[in-house]
Amino acid sequence: MAAGRKVEHAPRVVIGVTGGIAAYKAAYLVRLFVKAGADVHVIPTPTALEMVGATTWEALTHHPVLVRTSEHADEVAHVRLGKEADLVVVAPATANTIAKARAGIADNLLLNTLLVAQCPVVMAPAMHTQMWEHPATQENIAVLQARGVHIIPPASGQLTGADSGPGRLPEPEDIFAQSWEILTGEHPDARAEQHSTEHTLRGRNILVTAGGTHEALDPVRFIGNRSSGRFGLEIARALLERGARVTVLAAHVARDITALASGAEIVPVSSARDLHQAVLARVKNADGVVMSAAVADFRPAEPAASKQKKDGSGKRVVELVENPDILADISHRRRRSGQLIVGFAAETGDANGSVLDYGREKARRKGADLLVINRVGEKTGFGEVPTEITVVTPAGEVIASGAGSKAQMAGIIAGLIADHFTTERV
Ligand code: CTP
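Its first residue numbered 418, the sequence shown is counted upward by one per residue in the working numbering.
Dropping the structure here:
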């Protein structure tokens with residue numbers, strides 16, 4: 418296991434998209450930031466939204482896209498977003514937005530954000546050559562630069578129609594590289610070499626359990642939980658991206674998200690005992706097991722064979738018996754040497770202990786090689802909501818932590834799994 422790798426919170430990057438013809442290129446830029454591990458929020462201007470719709474930005478960033486200043490609560494959220502951002506990039510930046518930013522006009526959310534942002538701001542102008550060369554634009558650019566805004570000058574080349582000359586939006590890779598350097602002080606190529614995600618898990622078989630088990634009370638009723646399975650599927654996807662062969666044992670995973678793990682073998686299971694059998698059948702061939710499923714601790718002792726009727730007593734007592742602890746079972750009875758077993762702990766913390774206290778205790782008790790402690794609460798935990806993780810060893814050492822979308826946290830976990838096998842090979 419690679420020791421001491423710490424992951425700080427994912428950098429928050431706001432990408433402002435204005436209504437230039439090159440707005441579509443911003444989608445590539447967003448992808449580059451997301452791939453690099455940033456928590457990206459897109460704020461399009463109303464005109465930009467006519468060119469690239471909100472669904473594209475939401476699918477790429479996993480965050481809702483808000484545009485109107487009249488959406489009062491959202492305006493507050495965006496003021497906060499602007500204040501909390503580590504970097505704001507406006508690409509493409511039209512002559513109109515540049516002029517308004519210079520004047521301090523705030524008639525859309527992007528301009529509001531620019532007024533509150535305390536972080537570095539990068540603008541990549543794109544427009545017709547005449548507009549770019551016009552003294553008004555050049556003066557606006559000079560004023561913004563004097564205020565500390567980083568301007569990535571437009572590239573020369575064919576513009577819309579027959580025109581050519583300076584005005585084209587530079588390639589997304591160039592905007593990303595320059596912006597990333599401003600954000601981190603590090604050239605992205607150097608970083609890519611350090612933390613390459615390219616097929617570091619090629620040839621590894623990884624078993625991922627996802628979703629929440631259902632424990633039957635009778636043929637139509639069950640005891641279940643609120644897990645959607647999204648985190649498990651995001652982890653499966655991050656492992657697939659690194660070249661692993663992935664099998665997902667899916668306990669009632671929401672149907673609309675199974676495509677997240679396309680490329681994995683998906684095996685549906687229902688109860689904790691079904692899942693246990695499915696894990697035992699495959700664990701011998703697995704290099705790694707990721708136990709992200711929310712497994713019910715108890716099941717009805719005697720599920721009824723037919724649908725239960727009310728009996729008039731005004732109450733029903735159901736006897737529950739404990740389910741096998743799958744994670745503890747596979748951790749304590751290793752089926753394969755060198756195997757990496759990753760467990761999860763969904764914790765809220767209480768008066769007797771913090772989230773970390775309970776997580777450390779669980780890591781020791783269950784014997785997993787890594788335990789991902791996931792803080793759950795009203796606004797974090799289940800579904801597509803921000804997630805906070807801390808990864809500990811059975812000895813209680815914290816080896817990574819992070820906060821952000823489930824996709825980003827899945828990337829951290831897959832990175833740690835890849836580190837384990839890379840270190841093992843050396
Ligand atoms: N788990 C399991 N089998 C069970 C219960 C849980 O394999 N019967 C696994 C989960 O997949 C997860 C880890 O154990 O990886 C922790 O689950 P959690 O529900 O947080 O732990 P519990 O054992 O239920 O502990 P407690 O109720 O004391 O918090």
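Beta carbons are placed, not taken as given, at the ideal position from N, Cα and C, and that holds for glycine.
Here's the rule I'm using: 16 or more other beta-carbon atoms within 10 Å means buried, otherwise exposed. How should Leu737 be labelled?
exposed
Can you name the residues that DSSP bridges to Thr664?
Leu624 and Glu682
Is Gly766 close to the ligand CTP? I mean its beta-carbon at under 8 Å from any heavy atom of the ligand.
no
Would you call the CB atoms of Leu833 and Leu787 closer than 9 Å?
yes
So which of Ile830, Met468 and Gly819 has the shortest CA-CA distance to Tyr426?
One detail in the question is off: residue 426 reads as His in this sequence, not Tyr. Of the listed residues, the one whose Cα sits closest to His426 is Gly819.
Closer than 8 Å: is that where the CB of Met708 sits relative to any heavy atom of the ligand CTP?
yes
Figure out for me which residue from Gln535, Gln547, Ala718 and Ile747 has the closest Cα to the Cα of Val734.
Ala718
Exposed or buried, Asp704, counting other C-beta atoms within 10 Å across all chains shown (16 or more means buried)?
buried
Looking only at its own chain, which residues have a Cβ that is under 7 Å from the Cβ of Pro720, when we skip the five neighbours before and after it?
Ala633, Leu634 and Asp635
Do the CB positions of Leu666 and Ala695 come within less than 9 Å of each other?
yes
When burial is assigned at 16 or more other CB atoms within 10 Å of the CB, is Asp456 buried or exposed?
buried
N-terminal and C-terminal residue of the beta strand (DSSP E) that Glu805 is part of
Thr804 to Val809
Considering Arg750, what are the terminal residues of the alpha helix (DSSP H) in which it resides?
Careful: Arg750 lies outside any alpha helix (DSSP H) and carries neither H nor E.
Asn557 - DSSP class collapsed to helix/strand/coil
helix
DSSP bridge partner residues for Met540 (one or two, in chain order):
Val507 and Ile568
Alpha-carbon spacing of Arg886 relative to Thr810, whole angstroms:
Coverage of the chain is limited to positions 418 through 843, which leaves residue 886 absent and any answer about it impossible.
Can the beta-carbon of Gly680 be found closer than 9 Å to that of Gly649?
no
Can you give me the C-alpha to C-alpha distance between Tyr441 and Ala563, rounded to a whole angstrom?
29 Å
Buried or exposed by the 16-neighbour rule on C-beta atoms within 10 Å, applied to Gly584:
buried
What residues in its chain sit with their C-beta under 7 Å from that of Ala824, if we drop five residues either side in the sequence?
His479 and Glu651
Under DSSP, the beta strand (DSSP E) around Gly755 begins and ends at which residues?
Where Gly755 is concerned, there is no enclosing beta strand (DSSP E), given that its DSSP letter is neither H nor E.
Taking Arg672 as the reference, which of Ile806, Ala655, Arg654 and Arg647 has the closest Cα?
Arg647
Assigned exposure category for Ser613 - 16 Cβ within 10 Å defines buried
In this predicted model, Ser613 has a pLDDT of only 49, less than 50, meaning its place in the structure is not dependable; the value taken from the coordinates is given anyway. Under this definition Ser613 is an exposed residue.
With 16 other CB atoms within 10 Å as the buried threshold, where does His669 fall?
buried
Neighbourhood of Glu610 by C-beta, 8 Å cutoff - its chain only, sequence neighbours within 5 removed:
Bear in mind that the predicted position of Glu610 carries a pLDDT of just 42, short of 50, making it unreliable; the figure below should be weighed with that in mind. Result list for Glu610: empty, nothing under 8 Å.
For Trp850, which option in Val506, Ala465 and Thr765 has the closest C-alpha, if you only look at C-alpha atoms?
Summary: the structure shown does not reach residue 850, with the chain confined to residues 418 through 843, and so no result is reported for it.
If the criterion is Cβ atoms closer than 9 Å, does the pair Met548 and Ile569 meet it?
no
Work out the CA separation of Asn513 and Lys423 for me, nearest whole Å.
At Lys423, the pLDDT of 39 sits below 50, so the modelled position is not reliable and the matter cannot be decided from this model.
To the nearest angstrom, how far is it from the Cα of Gly776 to the Cα of Ile790?
6 Å
Looking only at its chain, what residues have a beta carbon closer than 6 Å to the beta carbon of Trp474, apart from the 5 residues adjacent to it on each side?
Val459 and Val482
Val430 to Lys452, Cα distance in whole Å?
12 Å
Cutoff 7 Å; reference Ser748; Cβ partners in own chain excluding five residues on either side:
Ile758, Lys783, Gly784 and Ala785
Does DSSP classify Glu632 as helix, strand or coil?
strand
Count the other CB atoms, across all protein chains shown, that sit within 10 Å of the CB of His604; report buried if there are 16 or more and exposed otherwise.
exposed
What separation, rounded to the nearest whole angstrom, lies between the Cα atoms of His693 and Leu477?
35 Å
Excluding the 5 residues flanking Val469 on each side, which residues of the same chain have their C-beta closer than 6 Å to its C-beta?
Ala440 and Tyr441
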